[in-house]
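Input: a single structure, listed below in structure tokens.
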Amino acid sequence: MHRWIVLFTLLFISNIASAKDTIKLSDLKSWTIITAEDAIPSEQYAANEFQALIKKAAGFELPIKQAPGDPTHNIFIGASPAMRSSAIGFDIEGFNEEELRIRITKDNIIIAGGRPRGTLYGVYEFMERYLDIRFLTFDHTYIPDNPQKNIPCEEWSYKPSFTFRWSYYKENADHQDLAARLRVNTTTHDEKYGGVTRQNLISHSFNHLLPVEKYGKDHPEYFALVDGERKLEMGGGGPELCVTNPEVIEIVAQNVIKELDKNPTLKNYSVSQNDNAAYCRCDKCEAINQREGTPMGSHLALVNAVAERVEKKYPNVKIGTLSYWYTRKPPKTIKPRHNVQIQLCSIECCTLYALDNPESEKNREFCNDMDIWGGMCNDIWVWHYNTNFRFYDLPFPNLRAIGPNIKYFLKNNVKGIFMQANGNGNSGEMCDLRNYVMSRCLWNPQLDSWSLAKEFCKLHYGKAGNTIIKYLTFLHDNAEKAGYEPTCFPTPFELGLNAKTSDRIFRFFQQALKKAENETIRNRVEKASICAYRSVLETGGQLENKNHKLRVVFPEKYGDIVSKYIELTKKHGQTRAEEWQPIDHYYKILQQTTKDGFKAETLENKTWRLIILPDDNGKIVELFHKPSQKHILMQPEFRCLRNLFDYSTLQELGEKGYDHNAPAEFSISEQDSGLLLSKTLKDGSIITRKIALQNETISFETQVNHKGHESKEYQFRVRPEINTGLPTNDSDKVGAFILDNKWIKFNQDWKDDEGPNSGLLKNAAGGGYALYNYKKKYGVKISYDPDKYQEPTFWWSDRYPLAHLNLTTKPAILDNDMSYSFNYKINFIEKPPK
250 MHRWIVLFTL LFISNIASAK DTIKLSDLKS WTIITAEDAI PSEQYAANEF
300 QALIKKAAGF ELPIKQAPGD PTHNIFIGAS PAMRSSAIGF DIEGFNEEEL
350 RIRITKDNII IAGGRPRGTL YGVYEFMERY LDIRFLTFDH TYIPDNPQKN
400 IPCEEWSYKP SFTFRWSYYK ENADHQDLAA RLRVNTTTHD EKYGGVTRQN
450 LISHSFNHLL PVEKYGKDHP EYFALVDGER KLEMGGGGPE LCVTNPEVIE
500 IVAQNVIKEL DKNPTLKNYS VSQNDNAAYC RCDKCEAINQ REGTPMGSHL
550 ALVNAVAERV EKKYPNVKIG TLSYWYTRKP PKTIKPRHNV QIQLCSIECC
600 TLYALDNPES EKNREFCNDM DIWGGMCNDI WVWHYNTNFR FYDLPFPNLR
650 AIGPNIKYFL KNNVKGIFMQ ANGNGNSGEM CDLRNYVMSR CLWNPQLDSW
700 SLAKEFCKLH YGKAGNTIIK YLTFLHDNAE KAGYEPTCFP TPFELGLNAK
750 TSDRIFRFFQ QALKKAENET IRNRVEKASI CAYRSVLETG GQLENKNHKL
800 RVVFPEKYGD IVSKYIELTK KHGQTRAEEW QPIDHYYKIL QQTTKDGFKA
850 ETLENKTWRL IILPDDNGKI VELFHKPSQK HILMQPEFRC LRNLFDYSTL
900 QELGEKGYDH NAPAEFSISE QDSGLLLSKT LKDGSIITRK IALQNETISF
950 ETQVNHKGHE SKEYQFRVRP EINTGLPTND SDKVGAFILD NKWIKFNQDW
1000 KDDEGPNSGL LKNAAGGGYA LYNYKKKYGV KISYDPDKYQ EPTFWWSDRY
1050 PLAHLNLTTK PAILDNDMSY SFNYKINFIE KPPK
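With our numbering as the guide, the letters of the sequence shown map in order to residues 250 to 1083.
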């Protein structure tokens, strides 16, 4: 026995010294796979995987044994007595649960690592590194046809940079063997695949730790004070907590401890906000937030207090919290305790460019926050967004940014990454390619995501692969030229998609389908082509108003594109077209917009054309100025089918006394030079709206005739969402004006719904409101009786080419049979108002 061990030792020493030696894959035919008698399930599975993959790669099946018959020609999978006694210098003691080492000599191969996943991941590394095998999808493992492949004799070790890696695609949850092969360590507890990392995702948890259903009735003071109210009904999981309430802190802490009592192996537990921005504004919370310059101040104070209590019983457990939305900005003085984790969320960031790309204005603030958090906490995690939550299957140009972003996280000492994609539904825009790219970059951050995308196309799509690479190149180049910074909720135009670009994308995929060399490849290309159909559906149609019906119609070259899209999504198992709804919801939208249509009435003269939807609260969806050929509401290239009339319309909404959705329908009739809209409310009250064209002017007058037995307060909001011509918040490009004793531009440095000159809106008494595009030399003026309205409100954003010029009427209390009215006028202007 001693001679056998000595011989084995000499063989290993001799072969390690010959670093340039190689062995052929075909030479392994007579070798044996060796596992330990006490191998854990993942190590046994690793041996089976090695056996199966070698058989596919070389055509022969290697036996699996628990002891070597000879000192040479063995493949040791996992640490075993035979491996330990023979492998001089091969030490895996102290390896973490995924660290691995591979040693290849002319006579033996060792693949072993930490438990429970190191050895299994070592097998997959061997297959990728030395045999060029690629785990592309659950049903496609690419194996080169090259049994004469030379395998270099070398020793190679690897310790993954991130201990938590989650490419959030449902395919990983549905096909756990694929997740293991891609080394996604967050989807299964099955010991065969190595189980999951003991690190939990840090996520929304207030609703679980202090549920409003249990405490809301008796203790409303436990919940956030917002606008003077403890609002107990709130979306996004429920109301936020009053984070400075001592009883809240104790309840949350004790509930965390109870959960840890049930699951003592957990390494962390989440104590974090719900998914809304209604944080507590009580005096105590606000005092901390004002001092710290962020609502994260009071929130982190609670997290620290909970972490302090948990540490007394569970000193090795971390308390994790999200740095998300209103809590993303770090506090000035409050620091996370040593047992607190911060999971930084990038939801506001641009997805087209890398986070640290200096050209991306949106991403600079995130990087600044990352720097500050990194200086105060040594346990940073990231929740990063990698899909379009509004359009799961629309082309999404972020493949060039995935790799650089992961490298950026590595450079900033991030410990784990949750790459959120469309994980709550099967299929979606090139989900197979994306899952492959993200998973491989998470495992090895040195890989380039764009190169991986091209590799996937060539291996998965066969002869059609180069055409799909051309499509992806066009998609990304075009998006960069478009000049927008899309987030994870972009509309098609923000991605550079319009009728022209969608047609080109469609043609790329039609060419790819023609090049597919067999039915298998054709099915793969077909699945990928769904994004081209969706792009045409959203941007390639035109509004047709015919026989009092408004529909979206498509050029004949696309055939019945709606039916084809539905056929493809069903065939390839797509379950969602967006995050919040099953795909049937989108099928209904398609039916409504392209088949059934919308009841519509047209009002026009030589100057104006209006299209009105009487069944949708009399919403005006087109306001077209004929002489200038300008759309005052959303111009066609900025519209999309999914949100066809959800924004950039003109309508009158009820603030008090009038529910504009019950009923939503107006009857409509011609009257003089316009249309009369009328509806009767549930209590018999009557709403009438007169829209008239008077040469250059559009006039509106609405009247309420109250018929209720009890008096009622009425208030309306006039909401014109005006097309600015370009997404901007530069007042030198688009000016907003208010009339006092003269016209004054007020939107300098205005962001969203507030700006330094907002006081001008409150105090102006001239009854005029205007918007003007300086470059395109057009605008719109709204005239109104200032005695009928409260101060106007204004909103705009650099994300969308529109601005809201809101007018809210003064409240009016009406007794039975009393009437109340308000009016306003709209004019086109060719010069800014003076």
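Every residue, glycine too, gets a C-beta built ideally from N, C-alpha and C.
**Study point:** Collapsed DSSP secondary structure at Gly923 in the structure displayed
**Key:** DSSP places Gly923 in strand when its eight states are reduced to three.
**Study point:** Residues that DSSP places opposite Tyr1073 in a beta bridge
**Key:** DSSP, once it has assigned bridges, lists Phe949 and Tyr1033 as partnering Tyr1073.
**Study point:** Given Pro312 as reference, the closest of Lys764, Ala301 and Leu1054 once Cα atoms are compared
**Key:** Closest option to Pro312, Cα to Cα, is Ala301.
Review point. How would you write the range of the beta strand (DSSP E) that Ala941 sits in, first residue to last?
Key: Annotation: the continuous beta strand (DSSP E) that includes Ala941 extends over Ile935 to Gln943.
**Study point:** Sequence-distant residues of its chain with Cβ nearer than 6 Å to Thr435 (five each side left out)
**Key:** The beta carbon of Thr435 sits closer than 6 Å to the beta carbons of Trp415 and Val445 from its chain, once the five residues preceding and following it are set aside; these are given in chain order.
**Study point:** From Pro320, Ser547, Lys269 and Ile324, residue whose alpha carbon lies closest to that of Leu277
**Key:** Nearest to Leu277 by alpha-carbon distance, out of Pro320, Ser547, Lys269 and Ile324, is Ile324.
Practice item. Give the straight-line distance between the Cα atoms of Ser1070 and Gln952, rounded to the nearest whole angstrom. Key: If I take the Cα positions, the gap works out to 4 Å.
Practice item. Please confirm whether Ile971 and Leu1020 have their CB atoms less than 8 Å apart. Key: Yes. Within cutoff.
Check your understanding: Among Ser877, Ala361 and Val983, which has the Cα closest to the Cα of Thr856?
Key -> Comparing C-alpha distances from Thr856 to each of Ser877, Ala361 and Val983 shows the shortest one belongs to Ser877.
Review point. The alpha helix (DSSP H) with Ser1007 in it runs from where to where?
Key: Counting along the chain, the alpha helix (DSSP H) containing Ser1007 begins and ends at Ser1007 to Asn1012.
Check your understanding: Between Pro1035 and the ligand ZN, is the CB less than 7 Å from at least one heavy atom?
Key -> No copy of the ligand ZN appears in this structure; indeed no ligand is present at all.
Check your understanding: What number of angstroms, rounded off, separates the C-alpha of Thr1042 from the C-alpha of Arg966?
Key -> Approximately 10 Å between the Cα atoms of the pair.
Check your understanding: How many Å lie between Asp464 and Asp618 at the Cα?
Key -> Residue identity check: residue 464 is Tyr in the sequence provided, not Asp. Cα-Cα distance, rounded: 35 Å.
Practice item. Could you check which residue in Ala826, Lys820 and Thr843 has the C-alpha nearest to that of Ile810? Key: It is Thr843.
Practice item. Could you pull out every residue in the same chain whose Cβ sits closer than 7 Å to the Cβ of Ile265, ignoring the five residues on either side in sequence? Key: With a pLDDT of 44 at Ile265, under the threshold of 50, the predicted position of this residue should be treated as unreliable, and no value is reported.
**Study point:** Backbone CA spacing between Lys584 and Leu701 [nearest angstrom]
**Key:** So the alpha carbons of these two residues sit roughly 39 Å apart.
Point to revise | Lys611, buried or exposed, once every other Cβ within 10 Å from all chains shown has been counted against 16 | key: Buried is the call here.
Point to revise | N-terminal and C-terminal residue of the alpha helix (DSSP H) that Arg683 is part of | key: Arg683 -> alpha helix (DSSP H) spans Cys680 to Trp692.
Review point. Three-state secondary structure (DSSP) at Thr716?
Key: The three-state reading of DSSP puts Thr716 in helix, counting H, G and I together.
Review point. When DSSP labels each residue in this structure, what does Lys273 get in the three-state scheme?
Key: The answer is strand: DSSP assigns Lys273 an E or B state.
Check your understanding: Distance, Cα to Cα, Cys402 vs Ile272?
Key -> Straight through space, the alpha carbons of Ile272 and Cys402 are spaced by roughly 7 Å.
Practice item. Could you pull out every residue in the same chain whose Cβ sits closer than 8 Å to the Cβ of Ala502, ignoring the five residues on either side in sequence? Key: Leaving aside the five residues that flank Ala502 on each side, the residues in its chain whose CB is nearer than 8 Å to its CB run, in chain order, Ala554, Val555, Arg558 and Val559.
Practice item. State whether the region 883 to 899 contacts the region 784 to 797, with contact taken as three or more CB pairs (one from each stretch) at a distance under 8 Å. Key: The region 883 to 899 vs the region 784 to 797: in contact.
Point to revise | Backbone CA spacing between Ser778 and Lys819 [nearest angstrom] | key: CA-to-CA, the gap between Ser778 and Lys819 works out to about 13 Å.
Practice item. Could you tell me whether the Cβ atoms of Tyr963 and Lys875 are closer together than 8 Å? Key: Not closer than 8 Å, so no.
Review point. Buried or exposed: which applies to Ile1075, given that a residue is buried once 16 or more other Cβ atoms fall within 10 Å of its Cβ?
Key: Classification for Ile1075: buried.
Check your understanding: Taking buried to mean at least 16 other C-beta atoms within 10 Å of its own C-beta, is Ala985 buried or exposed?
Key -> Under this definition Ala985 is a buried residue.
**Study point:** One or two residues paired with Lys314 in a DSSP bridge
**Key:** For Lys314, the beta-bridge partners assigned by DSSP are Ile283.
Review point. How many angstroms separate the CA atom of Ile832 from the CA atom of Gln823?
Key: C-alpha of Ile832 to C-alpha of Gln823: approximately 7 Å in a straight line.
Review point. By Cβ distance below 8 Å, which residues in the same chain neighbour Asn1072 in space, the five residues on each side in sequence not counted?
Key: Ser948, Phe949, Glu950, Thr951, Tyr1033, Asp1034 and Lys1037.
Check your understanding: Comparing alpha-carbon positions, which option in Phe413, Ile392 and Thr412 lies nearest Gly308?
Key -> Looking only at Phe413, Ile392 and Thr412, the smallest Cα-Cα distance to Gly308 is reached by Ile392.
Exercise for review: Taking all protein chains shown into account, decide if Gly732 is buried (16 or more other Cβ within 10 angstroms of its Cβ) or exposed.
Suggested key: Counting Cβ neighbours within 10 Å, Gly732 comes out exposed, since fewer than 16 surround it.
**Study point:** 7 Å CB neighbourhood of Gln293 in its chain, flanking five on each side removed
**Key:** Thr284.
Point to revise | Simplified DSSP state of Leu799, which is helix, strand or coil | key: Leu799: strand per DSSP, three-state reduction.
**Study point:** Residue nearest to Ser751 in terms of C-alpha spacing, selected from Trp622, Tyr782, Ser335 and Glu478
**Key:** The shortest CA-to-CA distance from Ser751 to any of Trp622, Tyr782, Ser335 and Glu478 is the one to Tyr782.
Check your understanding: Whose C-beta lies closer than 8 Å to the C-beta of Trp622 among residues of the same chain, with five residues either side of it excluded?
Key -> Once the five neighbours on either side are set aside, the close Cβ partners of Trp622 are Ser572, Pro579, Ile591, Leu593 and Ile629.
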